[in-house]
Structures are given as C-alpha cells and as structure tokens.
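**Student:**
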Amino acid sequence: MFWYKIFYGLCWLLALLPLRCLYPVCDLMFVVVCYMVRYRRKVVMENLRRSFPEKTERERWLIARKFYRFMCDLFIETLKVIHIDTAQMHRRIHYSNPEIFDDLYRKGKQVFFVTGHYGNWEWLATLEHTIPYHHVTLYQPLHNRIFDKFFYDLRTKYGTGAIPSQAAIRTINQYRQENRMTALCFLSDQSPHRDAIQYWTTFLNQETPIYLGIEKLAKRYNAAVVYYEIRRVKRGYYEVDVTPITENAAETGEMEITDKHVQLLEQTIRRAPQYWLWSHRRWKHKRV
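Numbering of the sequence shown is given in our numbering, commencing with residue 49 and proceeding in unit increments.
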C-alpha cells in the first residue's frame, strides 16, 4: 500500500523524537484542536451536560479543555509506540497487581478483561510481557484501510494478538484447541449498532445500550472476568489496577457481569473525567 507507506514513514519520523520533545507539540496541537478546529465541540459539551447535570457550564468546560489536552497527548503517545521498546514501555505503564493473572493461570482459567476508552488504552499492548497469558485484543476494523492497518501494526508490535470482534468465537475455539491460555481484552463502551441492541442500562446519568458480547462469551466458556482501571500518574506514565468481577462467569446471574463492568467504568470516569473519550458519539441511539 503506497499511501500507507507514506503515512507510516511520516509517523515514523515524528516518533523519533523523545516524548519530552513531543509534548510541546501536543501543547500546540491542543490550541489548534480545541480553539481553532473545535473538534467535535458540540458532541463533547452535550455528552458532558447530560453526564454531569449537577455541574455548572464552566465546570464542564474545564473538563472539556482537559480532555482536549489529554487527547493530543494520547495521539502522540500512540505514535511513539513505533519506537518505544518493551523495557521503556514497562517503565511507563505499571500493573499494580498482575499476580491475579498468575493465580487464574494456575487454575487453568480463560480470562476476559474489560476496560473502556479511558487513559491510554493503546499501551495495554504491553500486557503480553507482564502476565503468563497470550494477550489478545478484540477490535472493530476501521473503514479507512490506512488507519486500520496502522493501528493493527501498533497493537501487535509487542506480540499481542488483534482480531476483529466478528471473529471472536472462531479465534477463541482455535486457541482452546491449541491449549493456548489467552486473556482477551474488550472495550466495553462502544456504541452497538441499532439492530444489535439487546440491553439498556443507566450509564453516566443516561439510558445507554450495552454490548452483551462480554457476558455471553464469558458464560459460554465459563471464563474469569476482570476489570482494568487505567490511571494517569503524569504525562507519559500510567498505572493499571485489576479488579476481579468473577472467576466463574457461568455461575453469575443474568446481566450481573454487564452491570458490574459498566458500574466500574463509570466510577473510573467520575474520579477523573478528562481521560475518557468524550468526543465519541456514545449516545447516538435513543430508547424507543
């Protein structure tokens, strides 16, 4: 792909700079994106108004400004993956309690872990070298082939597998036949297609449709389910806390897993809302 090589080459050159030199670029990007381009400003502010009706408009605008600043950092940090090796990445993202996976691995449990578009979720690819499992992330292919291949290459750089969500069952079965212990990552806050909506719940003060793939697959394979909370320590540094939801999904009640991971993500967002993807049209579907 000619255009992909051109695009990747430009990103490759930019990512040669150390992060301490790239963050001033982020500061310039923030001014352009927030004040000049006003990227999805209406979407961001409307999401914040509906999510935090108790806050003043000024308080919501301050969250929005912090979000735009972080979004620019996230863009550059994602590009930087091109040149960051595993050792440096491990200094930048710390997993506070990875021993949870050691215990589940000894018990022979398949693991599904749930997180959202919060913090730097792209850097979770380093999990492959932190736990005994093979790390696999499920993703929705992008319509733009150049960006789709670019993000696929970044996500698989450290050995993490990346498979389209539509191929989840086939891939899980393949790994099981190979007796390959895997930890599958689900981003739980994507908006389902209208014809795929099966469940609504309250999320950030709004009626919200939720994907049920996590719960259905976890129960099908009686997997363990854990939640990942990504916390930003400072620019370029993150900490991840693992919260167990269940060790045996087949033994949980109806929607118990779904309600729990939605609740945990909301708690994460409310603690530091600027690190969630507010430009996402999460509530484009309304309940009829």
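No residue lacks a Cβ here, since even glycine has one placed at the ideal position from N, Cα and C.
#1: DSSP puts Arg279 in a beta bridge; with which residues?
#2: Tell me which same chain residues have a C-beta within less than 6 Å of the C-beta of Ala63, skipping the five on either side of it?
#3: Using DSSP bridges, identify the partner residues of Val159.
#4: Taking just the CA atoms, how far does Glu226 sit from Gly209?
#5: Here's the rule I'm using: 16 or more other beta-carbon atoms within 10 Å means buried, otherwise exposed. How should Arg203 be labelled?
#6: Start and end of the alpha helix (DSSP H) containing Leu34?
#7: Rounded to a whole number of angstroms, what is the C-alpha to C-alpha distance between Phe198 and Arg154?
#8: Pull the bridge partners of Trp248 from the DSSP assignment, please.
#9: Would Ile262 and Tyr166 qualify as a contact pair, given that the criterion is a beta-carbon distance under 7 Å?
#10: Per DSSP, what are the beta-bridge partners of Leu186 in this structure?
#11: Determine the burial state of Cys69: buried for a count of at least 16 other Cβ atoms within 10 Å of its Cβ, exposed for fewer.
#12: I need the boundaries of the alpha helix (DSSP H) containing His309, first residue and last residue.
#13: Span of the beta strand (DSSP E) holding His142?
#14: Could you round the C-beta distance between Arg283 and Tyr71 to whole angstroms and report it? I think they count as a contact, below 8 Å.
#15: What is the residue span of the alpha helix (DSSP H) that Leu67 lies within?
#16: Which class does Ile43 belong to by DSSP, given the choice of helix, strand or coil?
#17: Please report the residue range of the alpha helix (DSSP H) in which Asp121 lies.
#18: Is the beta carbon of Cys233 closer than 7 Å to that of Thr185?
#19: What are the boundary residues of the alpha helix (DSSP H) that includes Arg193?
#20: Quick check on the burial criterion: 16 or more other C-beta atoms within 10 angstroms. Buried or exposed for Pro212?
#21: In whole angstroms, what is the alpha-carbon distance linking Ile54 and Glu105?
#22: Assuming Ala298 contacts Lys157 under a Cβ cut-off of 8 Å, what Cβ separation, rounded to an integer in Å, is found between them?
#23: Using the rule of at least 16 other Cβ atoms within 10 Å of the residue's Cβ for burial, across every protein chain shown, is Tyr206 buried or exposed?
#24: May I ask which residues mark the beginning and end of the alpha helix (DSSP H) holding Lys90?
#25: Find the nearest neighbour of Pro257 within the set Lys334, Met303, Arg89, judged by alpha-carbon distance.
#26: Please report the Cβ distance between Ile293 and Leu252, rounded to the nearest whole angstrom; I am assuming they are in contact, meaning their Cβ atoms lie under 8 Å.
**Tutor:** On the basis of the supplied data:
#1: Along the sequence shown, one-based indexing puts residue 279 at 231. By DSSP's assignment, Arg279 forms a beta bridge with Glu287.
#2: The count along the sequence shown starts at 1 and reaches residue 63 at position 15. Leu127, Lys128, Ile130, His131, listed in sequence order.
#3: Reading the sequence shown from its first residue, position 111 is the one you call residue 159. Per DSSP, the beta bridge partners of Val159 are Ala231, Ala272.
#4: Taking the first residue of the sequence shown as position 1, residue 209 is located at position 161. Taking the first residue of the sequence shown as position 1, residue 226 is located at position 178. Whole-angstrom Cα-Cα distance: 15 Å.
#5: In the sequence shown, the residue the question calls residue 203 occupies position 155. Looking at its Cβ environment, which holds 16 or more other Cβ atoms inside 10 Å, Arg203 is buried.
#6: This structure leaves residue 34 out entirely; the chain is present only between 49 and 336.
#7: By one-based count along the sequence shown, residue 198 stands at place 150. By one-based count along the sequence shown, residue 154 stands at place 106. Between Phe198 and Arg154, the C-alpha separation is close to 35 Å.
#8: On the sequence shown, position 200 is the one that residue 248 refers to. Trp248 is bridged to Pro257.
#9: The count along the sequence shown starts at 1 and reaches residue 262 at position 214. The count along the sequence shown starts at 1 and reaches residue 166 at position 118. Cβ distance not < 7 Å, so Ile262 and Tyr166 don't count as in contact.
#10: Here residue 186 refers to the residue found at position 138 of the sequence shown. Answer is Ile211.
#11: Here residue 69 refers to the residue found at position 21 of the sequence shown. By the 10 Å Cβ count, Cys69 comes out exposed.
#12: Counted from its first residue, the sequence shown places residue 309 at position 261. 304-319 is the span of the alpha helix (DSSP H), which, as asked, contains His309.
#13: As a first step, residue 142 is located in the sequence shown; it is residue number 94 there, counting from the start. Its beta strand (DSSP E) spans residues 141-143.
#14: As a first step, residue 283 is located in the sequence shown; it is residue number 235 there, counting from the start. As a first step, residue 71 is located in the sequence shown; it is residue number 23 there, counting from the start. Arg283 to Tyr71, Cβ: 6 Å. Contact.
#15: Translated into the one-based positions of the sequence shown, residue 67 becomes position 19. Counting along the chain, the alpha helix (DSSP H) containing Leu67 begins and ends at 67-79.
#16: What is shown of the chain runs 49 to 336, which leaves residue 43 out entirely.
#17: The residue given as residue 121 occupies position 73 in the sequence shown. Start and end: 105-128.
#18: Here the question's residue 185 lines up with position 137 in the sequence shown. Here the question's residue 233 lines up with position 185 in the sequence shown. Cβ distance < 7 Å, so Thr185 and Cys233 count as in contact.
#19: Position 145 of the sequence shown, counted from the first residue, corresponds to residue 193. 193-203 is the span of the alpha helix (DSSP H), which, as asked, contains Arg193.
#20: Residue mapping note: residue 212 aligns to position 164 of the sequence shown, counting from 1. When all chains shown are included, Pro212 counts as exposed.
#21: Taking the first residue of the sequence shown as position 1, residue 54 is located at position 6. Taking the first residue of the sequence shown as position 1, residue 105 is located at position 57. So the alpha carbons of these two residues sit roughly 43 Å apart.
#22: As a first step, residue 298 is located in the sequence shown; it is residue number 250 there, counting from the start. As a first step, residue 157 is located in the sequence shown; it is residue number 109 there, counting from the start. Not confirmed; about 12 Å, so no contact.
#23: For the purposes of this step, residue 206 is identified with residue 158 of the sequence shown, where counting begins at 1. Burial check for Tyr206: the Cβ neighbour count within 10 Å reaches 16 or more, so the residue is buried.
#24: In the sequence shown, residue 90 corresponds to position 42, counting from 1. Where Lys90 is concerned, the enclosing alpha helix (DSSP H) stretches over 89-99.
#25: Taking the sequence shown and counting its residues from 1, one reaches residue 257 at position 209. Among Lys334, Met303, Arg89, the Cα nearest to that of Pro257 is on Lys334.
#26: Numbered from 1 along the sequence shown, position 245 holds the residue referred to as residue 293. Numbered from 1 along the sequence shown, position 204 holds the residue referred to as residue 252. The Cβ separation is near 19 Å, so there is no contact.
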